[in-house]
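Protein chains in written order, with our numbering: chain A, 31 to 276; chain B, -3 to 72.
Think of the CB as a built atom: it goes at the ideal place given N, C-alpha and C, for glycine as much as any other residue.
In this text, all values refer to a predicted model and were calculated from it rather than measured experimentally.
The structure appears below as structure tokens.
Structure, rendered in structure tokens:
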């Protein structure tokens, strides 16, 4: 489904990012994979090579550092000269109740979860405009749509992603660049593994399908938005949450 | 064609203006040069010179004269 397409995936070494990278590779995409550390990316690259004939391009950089983002897009512009799909997946989760939100916590979460998405959209849109096509998929969260106790900062960052997605989709539609968001619910990743047992059970009970989601199930929705299967879909937020209620 | 002539040609084509009207006095937000045209102009300059222009320079490119100055940073 993604033959001859070049895709950049941020936060690709674990969880939803990793599942997306593997699925894109199986579907023939040329991959540019990002994570903060090269070691993690090398492990993923080995899996991709074993699974397919694709040799991914590894770009370890901090998605919250503007200079590193600039360098990345300069590299793509000069060396690869093509960018069709961007999956803004990198994100962090740090909970804090109101009254305990520090400035550094706020800045860190907003930088990684929101600023990085806007910067990546800004640079990728410029490359995609030249070709008059592209698909940008931003990872939001069910928490960004409905909020949750102790997650004011995380929710604000992920709600921001939805607002940025909607605006960018309107601005870029005339260039045939589609921008959509995915709002996963409770997904089996490192991010949710750290939950205490009672909290884990509480979350499960709020899901109509009565089970946790798998990263591969989110990756399937991302593939849909990345591929021509969704050629007339833009400005949408697709929930992948098994009917979860928060 | 020297670089200034090349920049002038890109401006004229992107902004759909007569090349005679592309002078140092030409300023952003005049004639056809609005924000949408600005992004098309940036893309055309990048294609012409095979460069990627920094966001700060895109924002600062407020006139034809300024564009020539800023593009010097890219060895143009």
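Asked: The segment 102 to 123 of chain A: positions lying closer than 8 Å to chain B by Cβ; Found: 103, 104, 107 and 108
Asked: Run of the alpha helix (DSSP H) containing residue 154 of chain A, from where it starts to where it stops; Found: 146 to 161
Asked: Distance CB(residue 44 of chain A)-CB(residue 219 of chain A) smaller than 9 Å; Found: yes
Asked: Cutoff 8 Å; reference residue 132 of chain A; Cβ partners in own chain excluding five residues on either side; Found: 126
Asked: One or two residues paired with residue 243 of chain A in a DSSP bridge; Found: A:217
Asked: Neighbour flag for residue 200 of chain A against chain B, beta carbons, 9 Å; Found: no
Asked: Residues near residue 28 of chain B by beta carbon distance below 8 Å, same chain, minus five either side; Found: 11, 12 and 13
Asked: Straight-line Cα distance separating residue 62 of chain A from residue 191 of chain A; Found: 22 Å
Asked: Simplified DSSP assignment, three categories, for residue 44 of chain A; Found: coil
Asked: Simplified DSSP assignment, three categories, for residue 60 of chain A; Found: strand
Asked: Residue from A:199, A:46, A:55 and A:175 whose Cα sits closest to the Cα of residue 264 of chain A; Found: A:199
Asked: Beta-bridge partners of residue 39 of chain B, as assigned by DSSP; Found: DSSP, once it has assigned bridges, lists no residue as partnering residue 39 of chain B.
Asked: Buried or exposed by the 16-neighbour rule on C-beta atoms within 10 Å, applied to residue 149 of chain A; Found: buried
Asked: Cβ-based contacts, 9 Å cut-off: residues of the segment 34 to 48 of chain B near chain A; Found: 35, 36, 38, 39, 42, 43, 46, 47 and 48
Asked: Bounding residues of the alpha helix (DSSP H) (the contiguous stretch that carries residue 118 of chain A); Found: That residue, residue 118 of chain A, is in no alpha helix (DSSP H); its beta strand (DSSP E) goes 115 to 118.
Asked: Beta bridge counterpart(s) of residue 59 of chain B as assigned by DSSP; Found: B:23
Asked: 9 Å Cβ cutoff, residue 156 of chain A in contact with chain B; Found: yes
Asked: Beta-carbon gap between residue 161 of chain A and residue 112 of chain A smaller than 9 Å; Found: yes
Asked: Close-in-space but distant-in-sequence residues of the same chain around residue 128 of chain A (CB under 7 Å, 5 per side omitted); Found: 182
Asked: Given residue 273 of chain A as reference, the closest of A:250, A:236 and A:255 once Cα atoms are compared; Found: A:236
Asked: Rounded C-alpha distance that separates residue 9 of chain B from residue 46 of chain B; Found: 17 Å
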